[in-house]
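>
2 protein chains.
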Amino acid sequence: MMNYSIPASRDAAATLDRDDPLASVRDRFHLPDGMLYLDGHSLGPAPKSALAAVTGASGQEWANGLIRSWNDAGWMDLPLKAGGRIARLIGAEPQDVIVCDSVSINLFKLAAAALPLAKNSDTLIVEEDEFPTDQYIIEGLGNLVGVKLIRAKAGEGAAALAEHGGVLVKSVVNYRTATVVDMSEHEQIAQQSDGVIVWDLSHATGVIDVDLKTAGARLATGCTYKYVNGGPGAPAFVYVKSDVAAELTSPLSGWMGHASPFEFTSRYSPKDNAARFSAGTPPILSLSALSGALNVFDAIEMRIAAAKARALGDLCVARAAQMDLPTISPGIGENRGGHVSLLHENGYAIVQALIADNIIADFRAPDAMRFGFSPLYVRFTDVWDAMDRLENILATRSWDKPQFKTQSAVT
Amino acid sequence: MMNYSIPASRDAAATLDRDDPLASVRDRFHLPDGMLYLDGHSLGPAPKSALAAVTGASGQEWANGLIRSWNDAGWMDLPLKAGGRIARLIGAEPQDVIVCDSVSINLFKLAAAALPLAKNSDTLIVEEDEFPTDQYIIEGLGNLVGVKLIRAKAGEGAAALAEHGGVLVKSVVNYRTATVVDMSEHEQIAQQSDGVIVWDLSHATGVIDVDLKTAGARLATGCTYKYVNGGPGAPAFVYVKSDVAAELTSPLSGWMGHASPFEFTSRYSPKDNAARFSAGTPPILSLSALSGALNVFDAIEMRIAAAKARALGDLCVARAAQMDLPTISPGIGENRGGHVSLLHENGYAIVQALIADNIIADFRAPDAMRFGFSPLYVRFTDVWDAMDRLENILATRSWDKPQFKTQSAVT
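Protein chains in written order, with our numbering: chain A, 1 to 411; chain B, 412 to 822.
(1) Could you give the distance in angstroms between the alpha-carbon of S260 of chain A and the alpha-carbon of D367 of chain A?
(2) Hey, how far is the Cα of V618 of chain B from the Cα of M713 of chain B?
(3) Please check if any C-beta of chain B sits within less than 7 Å of the C-beta of F264 of chain A.
(4) Just how far apart, CA to CA, sit L38 of chain A and E472 of chain B?
(5) If we cut at 7 Å on Cβ distances, does Y679 of chain B have a partner in chain A?
(6) Tell me which residues of the stretch 532–546 of chain B have at least one Cβ-Cβ distance to chain A shorter than 7 Å, keeping chain order.
(7) Beta carbons nearer than 9 Å to chain B: which residues of the stretch 80–107 of chain A have them?
(8) Can you list, in chain order, the residues of its chain whose CB lies under 6 Å from that of M798 of chain B, leaving out five sequence neighbours each side?
(9) Would you mind sorting W399 of chain A into buried or exposed? The rule is 16 or more other CB atoms within 10 Å of its CB.
(10) How would you list, in chain order, the residues of chain B whose beta-carbon sits under 7 Å from the beta-carbon of W62 of chain A?
(11) Here's a check: name, in chain order, each residue in its chain whose Cβ is nearer than 8 Å to the Cβ of M1 of chain A, leaving out the five neighbours to either side.
(12) Please confirm whether V465 of chain B has its beta-carbon closer than 7 Å to some beta-carbon of chain A.
(13) Taking 7 Å as the CB-CB limit, is H441 of chain B close to chain C?
(14) Who are the neighbours of Y37 of chain A on chain B, taking C-beta pairs under 7 Å?
(15) Looking only at its own chain, which residues have a Cβ that is under 7 Å from the Cβ of R808 of chain B, when we skip the five neighbours before and after it?
(16) Identify which residue in A:W384, A:S278, A:D324 and A:S341 has its Cα closest to the Cα of P330 of chain A.
(17) From B:G495, B:P432 and B:L454, pick the residue whose C-alpha is nearest to that of N706 of chain B; which is it?
(18) Quick one: what does DSSP say M76 of chain A is sitting in, helix, strand or coil?
(19) Look at the alpha carbon of T822 of chain B and the alpha carbon of A704 of chain B, and state the distance between them as a whole number of angstroms.
(20) Report the residue from B:Y415, B:H597, B:C727 and B:L555 whose alpha carbon sits nearest the alpha carbon of L252 of chain A.
(21) Are E538 of chain B and G568 of chain B close, meaning C-beta to C-beta below 7 Å?
(22) Sort B:A425, B:D622, B:S460 and B:I771 by Cα distance to D438 of chain B and report the nearest one.
(23) How about G551 of chain B: is its C-beta nearer than 7 Å to some C-beta of chain A?
(24) Nearest to G254 of chain A by alpha carbon, out of B:F542, B:S515, B:S469 and B:Y759?
(25) Give the residues from the stretch 678–707 of chain B that approach chain A closer than 7 Å (Cβ to any Cβ), ordered along the chain.
(26) Near G724 of chain B, which residues of its chain fall below 6 Å by C-beta distance, leaving aside the five closest residues on each side in sequence?
(27) I want to verify the contact list: residues of chain A whose CB lies under 7 Å from the CB of D793 of chain B, in sequence order.
(28) Can you tell me which of the three DSSP states I304 of chain A falls into?
(29) Check F131 of chain A in the structure and name its three-state DSSP category.
(30) M1 of chain A CB to nearest chain B CB: under 7 Å?
(31) Can you give me the C-alpha to C-alpha distance between G222 of chain A and E658 of chain B, rounded to a whole angstrom?
(32) Starting from W610 of chain B, follow its DSSP beta bridges and name the residues at the other end.
(33) So who's on the other strand from M405 of chain B, going by DSSP bridges?
(34) Among B:A424, B:A626 and B:G644, which one has its Cα closest to the Cα of V789 of chain B?
(35) Does the beta carbon of W199 of chain A come closer than 7 Å to any beta carbon on chain B?
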């Protein structure tokens, strides 16, 4: 395995790029000329294979194959096939992962299904710095089924689970700080307290080395439009460990989760595995793009990709320290998700200035500038150049007062 | 308005085609050479504008615009804009319709939200011949929230609503028979009994002249991949009458239904109108195809399109009567959805024989052959030729015994 070090000069960064075992993967993406894209934690760029897949699915399979493509082009099997390929990225068995719906919808399904598994089925737990939609969905579920919601302090979800039991919804990588949770430790606490964790892998899948089996995780969902590069709003996935699948009831019991959807029976009889969490007819064009995007990962070891992502982040953190820019992300050598959040009271204006220079990062109120480092297409020299530009902006621009503003873009 | 009569010869059918005010609409579709496509009640063919839209959304907006396209390409506004254009097809106000998720998911949201509106909030009602996923979803919701489910006999949902109150889920057009329900009559019964109807417009939208406002309908969802031609698994829509929207709580309270999704607040605060029924991030590529498909409808009066669809169906029913083929669909001159179901104990084999001749229809066990007549691209001569071929198959083929089989294709 390649040992990615922190380069001390642009030349050293270029040497790392030259020796990078993942260097050729970048060619598999469509990347606009001159753009330095550091926003893959929000929306991944287009793999050429994803663009080809969506062209084929629309212009050929739909336009010419029409209804026959449900069988002939394999549309019926896409959710489980794509799920099986995502499984390899998160340390799961292929049949335990299915692509369906959005993370929001899947969190609802999994948390509702988890309640009867938990010792104390009257408690839902979410941390107060959890990604907002996770909080909203759990709030909505709690109101619907009359279950109380505990809003734990940041980092105290597991302690609340140990104390109260119930169901905890928890991101593996925090969307703001990129802090990575110890999944095994959490699962031990959950299983000792007869509690259940529903993992959100949105900011983790495709960039850190998730190992659901080793961690003993039972339920998870995640997003595919960030580091998996599945396209804008690409459908999410559900992971269910096979030995609990048969005990679980999806509350959204749509026909695609039925054991025999085309028998048109009146009573619901779910599939055996994770596929029972499918609901309605999947959006085939978006799903085809995701399926094409997964081709990029087929030859990649997540262990190597994760090491490179951490090294890219380390370089960012090291350069930021030289500029006296504080970060809320884990430091050099620590476990960290694919992005780094640097703080500045004029963060919004600074990110706008970077974007004007074709360096794409994003901003989260009130003061976090997020830089995302996908190991598949970001180079060490890219990080170096972006930090050079950031340093230049800080040295040459001044602001009378902080310009707080909300950036409207999808996380 | 054109008076479409039943042609008594192929020449008469050709004359109708020549004089058809919708004749030129056919050119806006990509239709495979030599294929006679009568399966638009299952999956509509590709409008050229839909193919162009998905090419632009993937190859340009995603590939080059990347994250900026959420604002610059208007992705954020697509669900409400597409909803507003569907509104015109179903007699609704533009702001009362939003595109999101699947029919299955939307039925769950609407039925759950309707329960507190209904006098007797302990009852869900569905008819036993309702489309299966509608039955499954209501069964799942009932189990989750502990509300009893009444399975009424076919056509007796309104009577059950009058007797018990509660929430009835009801298709406007039956998926098997194409029978059309009197929506106004149903709504009167619902409102007299303080009950609520959640309408499923899946087999109605884009082919019959739905008028939600006149009918007094409050809640509806529907599919866009059939007669709206939005593409395989295209996202569905939700209709909520504006004067009840503020009273309704979506149980799937995802961030896209939040009044300010990018404020990243911890508490849920829904949007004012139907858009509060959005949940997660929408599948933009599939949504873009739908948006492109809606261009076809922009110059079309649904009144005229519906009259043509009924006339095409009348011709099918008339020809079937000459062959002594029984139908379970409404007769000539009666109100009927866009398809006709003809019965034959060897229906499966007959449909396979038609498909082998490039005449695409479908089959529903045990004996229903379904022929769909979209007014946008089906010609009177197409119906004539398909019925000629059917007559020929019946006259020349024989089967030892009925060959029952389930056809695996998405309704």
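Note that CB positions come from ideal geometry on N, CA and C, so glycine has one too.
So, to answer that:
(1) Looking at the backbone, the Cα of S260 of chain A and that of D367 of chain A are separated by about 51 Å.
(2) 7 Å
(3) yes
(4) 17 Å
(5) Output row for Y679 of chain B: interface = yes.
(6) E539, P543, T544 and Q546
(7) D101, S102, V103, S104, I105, N106 and L107
(8) R730
(9) Classification of W399 of chain A: exposed, given that the 10 Å Cβ count is below 16.
(10) In chain order: A457, G642 and P643.
(11) With a pLDDT of only 46 at M1 of chain A, under the threshold of 50, the placement of this residue in the model should not be trusted; the figure read from the coordinates follows. Only R303, I304 and A307 meet the Cβ criterion.
(12) Output row for V465 of chain B: interface = yes.
(13) Considering every chain present, this structure includes no chain C. Its protein chains are A and B.
(14) In chain order: L477.
(15) The beta carbon of R808 of chain B is closer than 7 Å to those of A764 in its chain, skipping five residues each way along the sequence.
(16) A:S341
(17) Nearest option by C-alpha distance: B:G495.
(18) Three-state DSSP puts M76 of chain A in a helix.
(19) Below a pLDDT of 50, predicted positions are generally treated as unreliable, and T822 of chain B, at 49, falls in that range; no measurement from the model is reported.
(20) B:L555
(21) yes
(22) B:S460
(23) yes
(24) B:S515
(25) Y679, A690, G691, T692, P693, P694, I695, L696, S697 and A700
(26) R747, V751 and F784
(27) What D793 of chain B touches in chain A: nothing, since even the nearest Cβ is about 15 Å away.
(28) helix
(29) coil
(30) Model confidence at M1 of chain A stands at a pLDDT of 46, short of 50, so the residue's coordinates are unreliable and nothing is read from them.
(31) 32 Å
(32) B:K581 and B:A631
(33) Here chain B comprises residues numbered 412 to 822, so residue 405 of chain B is not present and cannot be evaluated.
(34) B:A424
(35) Not closer than 7 Å to any Cβ of chain B, the Cβ of W199 of chain A fails to qualify, so no.
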